[in-house]
Amino acid sequence: MDSEAILPIIFDEVTKRVSLPDEELTPKKAEEIQALNLMYRDLISLNADVPPPPNQINGRLNDQVKKLKDTGNVSFKKGQYSDAIRMYTLAIEMGLKRPLWEASGYVREELSVLYSNRAQAYMSQSAWAEALMDAEASVFLKKNVPKAHYRKGKCLQYMGRLREAKDAFQIGIESCENDLNDLKTALSEVCDLIIDD
90 MDSEAILPII FDEVTKRVSL PDEELTPKKA EEIQALNLMY RDLISLNADV PPPPNQINGR
150 LNDQVKKLKD TGNVSFKKGQ YSDAIRMYTL AIEMGLKRPL WEASGYVREE LSVLYSNRAQ
210 AYMSQSAWAE ALMDAEASVF LKKNVPKAHY RKGKCLQYMG RLREAKDAFQ IGIESCENDL
270 NDLKTALSEV CDLIIDD
């Protein structure tokens with residue numbers, strides 16, 4: 090049975106590195122100390138304090154992403170789809186740069202909405218392939234969002250991939266609990282199209 094031992098770690102105030110006395114140093118411990126020093130160096134290079142607990146979100150970054158999303162929404166409502174796509178793209182890029190220690194559930198939710206919104210903007214330009222990629226990304230990030238499943242199914246439908254569209258609508262109905270009317274209507278429509286083929 091392995092036991093834990095307290096090691097006499099030495100911290101050098103000048104170099105900001107930890108080490109062990111020579112008599113305690115083994116190859117395995119040297120490797121672990123090196124990894125610890127590398128991790129410390131990486132954290133310091135972020136020019137931030139010690140990472141916050143995982144349930145905290147960077148407020149400044151959050152505000153910037155939200156502002157870009159809101160600007161994209163305004164552009165979309167005005168029919169300026171290219172501008173909306175540009176704003177959503179910037180928001181996605183900014184959201185993807187979040188530090189790894191931030192709450193992953195929040196990041197997935199944020200990105201899912203952004204990809205879904207951009208998918209809708211692409212759909213408004215009949216850019217079905219681009220819209221499909223974004224809708225699939227949105228579904229991947231958050232499975233229980235009816236709009237994302239609906240948009241994925243509609244893209245497939247307009248691309249002539251009716252059976253895949255049917256599957257997308259069915260999976261959306263099975264995955265989501267609320268707001269299923271659009272998915273059910275779309276499923277019925279695509280089933281009628283399949284029968285007519």
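Just so you know, the working numbering puts 197 at position 108 of the sequence shown, and the rest follows in order with no gaps. No residue lacks a Cβ here, since even glycine has one placed at the ideal position from N, Cα and C. For clarity, every value in this text was computed on a predicted model and none was experimentally measured.
Bridge partner(s) assigned by DSSP for residue i
i, result
"residue 106", "101"
Distance, residue j Cα to residue i Cα
i, j, result
"residue 236", "residue 217", "16 Å"
"residue 225", "residue 200", "12 Å"
"residue 165", "residue 174", "8 Å"
"residue 149", "residue 268", "32 Å"
"residue 119", "residue 155", "45 Å"
"residue 203", "residue 227", "8 Å"
"residue 230", "residue 114", "45 Å"
"residue 190", "residue 124", "18 Å"
"residue 270", "residue 223", "22 Å"
"residue 161", "residue 215", "18 Å"
"residue 172", "residue 185", "20 Å"
"residue 159", "residue 240", "20 Å"
"residue 187", "residue 248", "34 Å"
"residue 266", "residue 198", "17 Å"
"residue 129", "residue 96", "18 Å"
Beta-carbon proximity list for residue i, same chain, < 8 Å, skipping 5 on both sides
i, result
"residue 126", "106 and 107"
"residue 282", "246 and 251"
"residue 157", "176, 177, 179, 180 and 183"
"residue 280", "255"
"residue 99", "107, 108, 109 and 110"
"residue 133", "105"
"residue 101", "107 and 108"
Nonlocal neighbours in the same chain, by C-beta distance under 6 Å from residue i, ignoring five residues either side
i, result
"residue 220", "208, 211, 212 and 244"
"residue 258", "242, 272, 275 and 276"
"residue 232", "264"
"residue 90", "With a pLDDT of only 43 at residue 90, under the threshold of 50, the placement of this residue in the model should not be trusted; the figure read from the coordinates follows. Closer than 6 Å at Cβ, skipping near neighbours: no residue."
"residue 253", "245"
"residue 131", "none"
"residue 170", "210, 213 and 214"
Unbroken alpha helix (DSSP H) run spanning residue i, endpoints
i, result
"residue 257", "251 to 264"
"residue 174", "170 to 185"
"residue 128", "116 to 134"
"residue 348", "Examination of residue 348 is not possible in this model, given that the chain is present from 90 through 286 alone."
"residue 162", "148 to 166"
Closer than 6 Å: residue i CB and nearest the ligand ADP heavy atom
i, result
"residue 274", "You won't find the ligand ADP in this model; it holds no ligand whatsoever."
Other residues of its chain near residue i: CB distance less than 7 Å, five sequence neighbours each side excluded
i, result
"residue 122", "107, 108 and 109"
"residue 153", "183"
"residue 146", "191, 192 and 195"
Any C-beta of chain D under 7 Å from that of residue i
i, result
"residue 216", "No chain D is present in this structure, which holds just one protein chain."
key: Whole beta strand (DSSP E) elements within the stretch 202 to 246, 3-residue minimum   = none
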